[in-house]
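Q: Each residue of the sequence shown is one higher than the last, beginning at 1 in full-length UniProt numbering.
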Amino acid sequence: MTNEPPKTNGADPLSFAYWVPNVSGGLVVSKIPQRTDWNLAYNVKLAQIAEASGFDYALSQIRFIGSYGAEYQHESTTFSTALLASTTRLKVIAAILPGPWHPHVIAKLGATADQLFEGRWAINVVSGWFAGEFEALGLPWLAHDERYKRSREFIEVVKGIWTEDNFNYEGEFYKAKDFTLKPKPVQRPHPEIFQGGNSRAAQENAGAVSDWYFMNGNTPDGHRKQIQNVQAIAASHGRHVKFAVNSFVIARETEEEAQAVLASIIDQADPEAVNAFGGAVKEAGQASPEGQGMWANSGFKDLVQYNDGFKTNLIGTPRQIAERIVALKDIGVDLVLCAFLHFQEEVAFFGERVLPLVREFEEARSRARAA
Ligand SMILES: Cc1cc2nc3c(=O)[nH]c(=O)nc-3n(C[C@H](O)[C@H](O)[C@H](O)COP(=O)(O)O)c2cc1C
């Protein structure tokens, strides 16, 4: 099973992922009633609905302790394997936090999961924004760019172990000596490595070592700038990187209905939790040497969806959303990551009403290109 680099611009169909609600409170920091649940039974059914609806990936989250509306959290790797066991086609991306986990353990665990579930395992290496989490674990909280240096080494070690025999590594954070992993993962050259984080350090890591660069929600211009920058960094390393964007999707029959849902999510936001989250994430992009990165320019309303998902503006009718999705493809996006208010029914609605339009618009563009 081979993971191919992207073909020529826009020739591949867009891929779709959904956020696994493996933490409580859904994907918005709001008291609005949600039918989404973080338990296993809900998530197994959701994964089955998602793969039947045309979703390619599920992305789990990692939080070691409660934070801002996610009082309960299931661990990402264990939860991901449970979803793989209940599906046949969906790839599951497990969020991995260097620090608590060592790359050798994740390489071994991932190889087993990839063997057990026919090459459907992937990881999203995150670099941390929550100082309180590291404090609770008794681990040092490194400065922003040091965390990314550790993540770069983490990815190099995982890849080395997945692809080489007698692997050796001498880094500042990690070492390996004559390490041969058997069996190796099914996927070649290795399971896909996603990386979340938008700062300069995150972009440099993506260009140098990641297969995928995961962006928070943003405007088309904000996404375009990041894509161009990471593409240039990747080219300087002789590599290709694929691009994924986060979005909170509110698809309704009319634009008014969709905007009303957004307004009630914001009206019922939990100001204490949103403001506390806003304070904690100052440890992320704003703490980087150039003050750029995730959440550096996020206001109260943006922070209600904790990955800036409203900014991508996939809020409206199925047609409006499909048009904005193909516009994202036009600027180089390969995958759209979706969060929803009521996941099961909205994933199904997205599959029925939005995806067919996306495919129709993609076809029209291919025909226009070929003409
Ligand atoms: C799509 C996506 C998913 C993420 N998932 C997690 C997660 O599950 N746990 C976590 O601690 N951080 C997660 N992050 C956050 C980061 O990976 C990142 O390390 C942090 O926010 C700092 O980003 P910055 O350097 O751009 O400011 C995610 C980020 C993105 C874009």
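Built from N, CA and C at the ideal position, the CB exists for glycine as well.
Mapping DSSP to helix, strand and coil, what is LYS91?
A: Sequence index remark: in the sequence shown, residue 91 carries index 91 (1-based). Three-state result, LYS91: strand.
Q: Using the three-state DSSP reduction, which class does GLU352 fall into: helix, strand or coil?
A: Position 352 of the sequence shown holds residue 352. Of the three classes helix, strand and coil, the one that applies to GLU352 here is helix, per DSSP.
Q: Return the residue from the list GLY278, HIS104, ASP308 that minimises the CA-CA distance to LYS177.
A: The residue you call residue 177 lines up with position 177 of the sequence shown. Of GLY278, HIS104, ASP308, the residue nearest in Cα terms is HIS104.
Q: Name the DSSP beta bridge partners of TYR169, please?
A: As a working mapping, residue 169 is identified with position 169 in the sequence shown. Per DSSP, ALA176.
Q: Whole angstroms are fine: how far does the CA of ALA280 sit from the CA of ALA70?
A: By 1-based counting over the sequence shown, the position of residue 70 is 70. By 1-based counting over the sequence shown, the position of residue 280 is 280. Their backbone Cα atoms lie some 14 Å apart in a straight line.
Q: Would you check if the region 210-229 and the region 127-140 touch, i.e. whether three or more CB-CB distances between them fall below 8 Å?
A: No, the region 127-140 is not in contact with the region 210-229.
Q: Run through DSSP, which three-state label would SER67 get?
A: For this step, residue 67 is matched to residue 67 along the sequence shown. Reduced to three states, the DSSP call for SER67 is strand.
Q: Roughly how many whole angstroms lie between the Cα atoms of ASN218 and THR312?
A: To locate residue 218, count along the sequence shown from 1; it is residue 218. To locate residue 312, count along the sequence shown from 1; it is residue 312. Taking the straight line joining both Cα atoms gives about 5 Å.
Q: List, from N- to C-terminal side, the beta strand (DSSP E) runs of 3 residues or more that fit wholly inside the region 181-228.
A: Listed in chain order, they are 193-196, 212-215.
Q: Here's the rule I'm using: 16 or more other beta-carbon atoms within 10 Å means buried, otherwise exposed. How should TYR18 be labelled?
A: Counting from 1 along the sequence shown, the entry for residue 18 is found at position 18. TYR18 is buried by the Cβ-count criterion.
Q: Note the first and the last residue of the continuous beta strand (DSSP E) segment covering TRP19.
A: Here the question's residue 19 lines up with position 19 in the sequence shown. It spans 15-19 - the beta strand (DSSP E) in which TRP19 sits, taken as one unbroken run.
Q: Where PHE130 and SER366 are concerned, what is the direct C-alpha to C-alpha distance, given to the nearest angstrom?
A: For the purposes of this step, residue 130 is identified with residue 130 of the sequence shown, where counting begins at 1. For the purposes of this step, residue 366 is identified with residue 366 of the sequence shown, where counting begins at 1. When rounded, the distance between both Cα atoms is 43 Å.
Q: Name, in chain order, the residues that DSSP records as bridge partners for SER30.
A: Looking up residue 30 in the sequence shown gives position 30. Answer is ALA269, bridged to SER30.
Q: Closest to ASP221 by CA distance: which of LYS159, GLU172, GLU360, VAL333 is it?
A: Translated into the one-based positions of the sequence shown, residue 221 becomes position 221. Residue VAL333 is the option with its Cα nearest to ASP221.
Q: So what's residue 446 in DSSP terms, helix, strand or just coil?
A: Examination of residue 446 is not possible in this model, given that the chain is present from 1 through 371 alone.
Q: Are there any heavy atoms of ligand 1 lying less than 7 Å away from the beta-carbon of ARG150, as far as the coordinates show?
A: Residue mapping note: residue 150 aligns to position 150 of the sequence shown, counting from 1. Checking every heavy atom of ligand 1 against the Cβ of ARG150, none is found closer than 7 Å.
Q: So, helix, strand or coil for THR8, using DSSP?
A: Residue numbering aside, residue 8 sits at position 8 when the sequence shown is read from its first letter. Confidence at THR8 is low in this model, with a pLDDT of 45, below 50, so the placement of that residue should be treated as unreliable; the coordinate-derived value is given next. THR8: coil per DSSP, three-state reduction.
Q: Would you call GLY309 buried or exposed, if buried means 16 or more other Cβ atoms sit within 10 Å of its Cβ?
A: Numbered from its first residue, the sequence shown carries residue 309 at position 309. By the 10 Å Cβ count, GLY309 comes out buried.
Q: Near THR8, which residues of its chain fall below 8 Å by C-beta distance, leaving aside the five closest residues on each side in sequence?
A: Here residue 8 refers to the residue found at position 8 of the sequence shown. Residue confidence is low: THR8 scores 45 on pLDDT, short of 50, so the model does not pin down where it sits. Its coordinate-derived value is still stated next. If we look at THR8 and ignore the five residues flanking it on each side, it has no Cβ neighbours.
Q: Assuming the contact rule is C-beta atoms closer than 8 Å, SER30 and ILE321 should be a hit. Round their C-beta distance to whole Å, please.
A: Indexing the sequence shown from 1 puts residue 30 at position 30. Indexing the sequence shown from 1 puts residue 321 at position 321. About 21 Å; that fails the 8 Å criterion.
Q: Three Cβ pairs or more, each shorter than 8 Å: is that satisfied between the region 93-101 and the region 161-171?
A: The region 93-101, when compared against the region 161-171, does not touch it at the 8 Å Cβ threshold.
Q: Give me the Cα-Cα distance between PHE277 and ARG369, rounded to the nearest whole angstrom.
A: Numbered from its first residue, the sequence shown carries residue 277 at position 277. Numbered from its first residue, the sequence shown carries residue 369 at position 369. Straight-line Cα distance between these residues: approximately 45 Å.
Q: If you measure from the CB of residue 377, is any heavy atom of ligand 1 nearer than 7 Å?
A: Shown here, the chain extends from 1 to 371; a query on residue 377 therefore has no answer.
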